[in-house]
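Everything on this sheet refers to the single structure shown next.
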Amino acid sequence: MEKRYDHQKWESKIYSLWEESGAFKAKVDKSKKPYTILLPPPNASGKMHIGNVLMIAIEDLLIRWKRMQGFSTLWTPGTDHAGFETQITFERELRKNGKSRMDFDRQSLYKNIWDFVIENRELINDQIKQMGASVDWDKYTFMLDNKVIKIVTDTFKKLHKDKLVYRDDYMVNYCPNCGTTFADLEVKHIKRKDPLVYVKFPISDNKKFKGKDHVVVATVRPETIFVDTHLAINPKDKHKRQLLSFKFQNPLTGKKMEIIEDEFVDMEFGTGVVKITPAHDKNDFEVAKKHGLKIISLLNLDGRLNEKSEDLEGQKVINAREKTIDILKQKGLVEKIDEDYQHTVSVCYKGGHDIEPTILPNWFIKVDPLKKPAHEVVKKGQVKIYPKWQEKKYHKWMKDMHDWPISRQVVWGIRIPAWYDVDENKNLKITFLSKQKETITGTVGNLLKEYSLAEIEKGLQTLLAPKGAVYKISTEKPGERYLQETDTFDTWFSSGQWPLTTLGYPDSKDFQYFYPTDVLETGWEILPFWVSRMLMFGIYLTGKAPFKDIYLHGLVRAMDGRKMSKSLGNVISPDEYLEKYGADALRVGLISGTANGKDFNFPKDKILAYRNFANKIWNMARFMNLMIEESNKNIPIYSKTLESKLKKQDKDIIMSLEKTIKKVNNSLEKYRFAEASETIYHFMWDELASNYLESIKDRNDKEIALSIFRHIYLNSLKLLHPFMPFVTEAIWQNIFKSSDKPLIISSWPSLQTLPNKNINK
RNA sequence: GGUUCCGUAGCUCAGUUGGUUAGAGCGUUCGGUUUACAUCCGAAAGGUCAGAGGUUCGAGUCCUCUCGGAACCACCA
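To convert, take the position in the first sequence, counting from 1, and add 8; that gives this note's numbering.
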């Protein structure tokens, strides 16, 4: 054995050994209790980050612990397609070649992203192996596998049958320049100066407010006044309450306007009176829905004003804005203009164009019937959240959860299984690539006069069905004259069914045995998006919550205490540390850094400490071997028969091992991983090595002491295995070649098997 | 602005329901080559637990306020 533990020499060898031993493979075994964890699938958009490493470390620790305790364990690996994120990443690659997603029809684009993702998937799987994860590779699931698509679309059908699906207008980030919508992720916020126009809104019926026949409203978007029907004030604004009985005139159209009260109005901003434009502002849209106001669009999808703008129809927004100001000035309705007004504007990440918040029909799910039971199981403690303080976040989120828009205007995902009859829905808006690779846009009724349905379907890019369109839900094409919805499901709609899709819902043997799973371990930041959805779907479809415990780990921040980000250049790559210090040190180092689920800075020192620890236990084994060889005697297997020969220090170390086992078990039951690893660390280093091992050097009855040492050391090795699997297995394989079983499937130290029961008193 | 969390040794952090002299890793200082390990061994220095007040027999831990920091959400017509 070498003087130093060389992780690079052992790690891949040991992983193959485990795989060959079949230890990872889950078996349905009715004589055992199942223990199941689903690996939260890393995103296929790129390699794993340090947070994924922490996740794997914790889950592998739990699985190995339970496996050694005799449970029939299952840990399923997988990868998420990560809809939007992957598509953005892919498009970045496209742009390097001077292309964009607009150059492809749906099918070709999908195929190209698929190939791109396959590469990433393999990189991720290699990383999972490097980490030593004892996942059952036979159960590998990718979020776009056929079995997943089947279950996800079936769920959608059931939701539809149960009348929980509806289509409604929804405000999306629309870029008229790029002709597409963007996710919030893709929208950038920039600071910019724009003129803030103070517009007079005349009061009707000759009434006056504070001696004036108008109220003033400050706006940066005067052109939208064309579709404004309401003004608003804050209910706490006592000075303006009188206005509630007033009617107003629209400064541009002269139509009657009313006024409402809402908390969202900032009394301090501008004049404290706000105009409401439901169709083109997120806040206003929410207010309109709340108060039941009419939502009137001003813009066409090409970014030009529609017929509602009277003479300005067909103008682009910027031009229209200037002309509106001129019109208002002519009418004497501009009080003043603040040219130095700075505010935040949303622009698209692609070209920096202004985002137009726009109303488009989207698919929705009614969440009330789903969220109630999901909220209840946590309230009643049937599902427990660790650490406990994270529960507050869950309750707040569940309380505030609104209906869920599940459709996304991207290609990369599971396509919504809805079909439109093109003859029944002549006003479907279509964008497709013709045979000549030209982008053609129009309503399907018109397009069919020039193009065949087959050509349209083949080159289809997007389809926009009006809110009232007639559709059929079906997995298959329901007839010749149908086109399928081009929207795909929100990533969380499919990943929210992960416990069902990975285990083979509804009737596989695995599903019946391993569901519900035992613990869901993930970062707290996706509690609202993912964890809550899994609870909702799990209960909706099976009546049972998909897991019993939820453990939420903290985020790994950079060494400077800030969030890791590419732009800050403080991203820590797991690969570097894997290579330098080994998987064991990285795993247990990270685990020791996160005691209670709070965010924590990358614990470089701890990783170093545990690298040294791996070497320490390696040398303890070497030394033990050396002494056994030198003694030239048979060292008896430790058993009760030796009890009469024990000295005080022997009894002490045995007692200390007992305490350590108890403490480690207790800590792990409570998901206090750092506490557990530090307990073993100090027991092995301070008590066993520095204390007991040193004392053996002076003993005359070395064979007794060595027998005890070997006993304690082997049990410690078992305790340490789930934390540092590679080095412990490497030692086990080297020193105990006669042992028939690898350490990974050896039995967990239990208090009952130890002699000297009175030791705990 | 809303929500959540944090402020403990030079640095990064533990400290579970309040209970003896407040702990770890790294760093620092001094001393070591002892049957393995210098990724080692032995020893030491270093804390008015952010501040103020309160509850209590007892507070790093519970409550209130002040100051300082972080993250998430909404970012404002």
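Virtual Cβ for every residue (Gly too), placed ideally from N, Cα, C. Since the model is a prediction, treat every value here as computed from it, not as a measurement.
Relative to the alpha-carbon of residue i, which residue among the options has its alpha-carbon at the smallest distance?
i: residue 648; options: 586, 587, 676 and 715; result: 715
i: residue 583; options: 39, 630 and 56; result: 56
i: residue 161; options: 28, 255, 471 and 501; result: 501
i: residue 225; options: 348, 189 and 285; result: 285
i: residue 350; options: 219, 205, 247 and 254; result: 205
i: residue 144; options: 317, 339, 68 and 234; result: 68
i: residue 26; options: 140, 387, 98 and 78; result: 140
i: residue 562; options: 668, 623, 520 and 679; result: 679
i: residue 545; options: 496, 379 and 440; result: 379
i: residue 252; options: 9, 261, 104 and 266; result: 266
i: residue 422; options: 493, 61 and 477; result: 493
i: residue 525; options: 42, 297, 208 and 18; result: 42
i: residue 86; options: 120, 156, 96 and 17; result: 156
i: residue 149; options: 330, 61, 756 and 83; result: 83
i: residue 127; options: 180, 52 and 472; result: 52
i: residue 154; options: 483, 181 and 169; result: 483
i: residue 159; options: 120, 608, 508 and 744; result: 508
i: residue 66; options: 447, 487, 47 and 170; result: 47
i: residue 291; options: 273, 36 and 510; result: 273
i: residue 726; options: 709, 751 and 34; result: 751
Can you tell me which of the three DSSP states residue i falls into?
i: residue 489; result: coil
i: residue 393; result: strand
i: residue 442; result: coil
i: residue 56; result: coil
i: residue 762; result: No answer about residue 762 holds up, because its pLDDT of 47 lies below 50 and its placement is not dependable.
i: residue 329; result: helix
i: residue 195; result: strand
i: residue 179; result: strand
i: residue 86; result: strand
i: residue 257; result: strand
i: residue 757; result: coil
i: residue 619; result: helix
i: residue 243; result: coil
i: residue 403; result: helix
i: residue 660; result: helix
i: residue 110; result: helix
i: residue 561; result: strand
i: residue 580; result: coil
i: residue 729; result: coil
i: residue 670; result: helix
i: residue 206; result: strand
i: residue 2; result: Residue 2 lies beyond the range of the chain shown here (9 to 769); nothing can be said about it.
i: residue 448; result: strand
i: residue 469; result: strand
i: residue 274; result: coil
i: residue 767; result: Note that residue 767 scores 34 on pLDDT, short of 50, meaning its location in the model is unreliable and no value can be drawn from it.
i: residue 744; result: coil
Pull up the CB-CB distance for residue i and residue j, whole angstroms please, since I reckon it's below 8 angstroms.
i: residue 625; j: residue 692; result: 6 angstroms
i: residue 91; j: residue 496; result: 6 angstroms
i: residue 277; j: residue 260; result: Not quite, the Cβ-Cβ distance comes to about 22 angstroms (not below 8 angstroms), so this is no contact.
i: residue 211; j: residue 256; result: 6 angstroms
From the DSSP output, which residues share a beta bridge with residue i?
i: residue 370; result: 176
i: residue 804; result: With the chain running from 9 to 769 in the structure shown, residue 804 is simply not present.
i: residue 189; result: 182
i: residue 684; result: Partner(s): none; residue 684 has no beta bridge.
i: residue 237; result: Partner(s): none; residue 237 has no beta bridge.
i: residue 428; result: 479 and 491
i: residue 229; result: Answer by DSSP bridge pairing: none, since residue 229 is not bridged.
i: residue 265; result: 256
i: residue 531; result: 561
i: residue 224; result: 208
i: residue 201; result: 350
i: residue 543; result: Answer is none; residue 543 lacks a bridge partner.
i: residue 437; result: 451 and 472
i: residue 423; result: 496
Whole alpha helix (DSSP H) runs in the stretch 471–522 with 4 or more residues, listed along the chain? 499–503, 506–511 and 517–522
To test your reading of the DSSP string, which unbroken beta strand (DSSP E) runs of 3 or more residues are found completely within the stretch 281–319? 282–284
Extract the residue ranges of the beta strand (DSSP E) inside the stretch 330–354, only unbroken runs of 3 or more that lie entirely within it. Taking only runs of at least 3 residues, the beta strand (DSSP E) segments lying wholly in the stretch 330–354 are 342–346.
Tell me the start and end of each unbroken alpha helix (DSSP H) in the stretch 110–162 that is at least 4 residues and wholly inside, in chain order. 114–138
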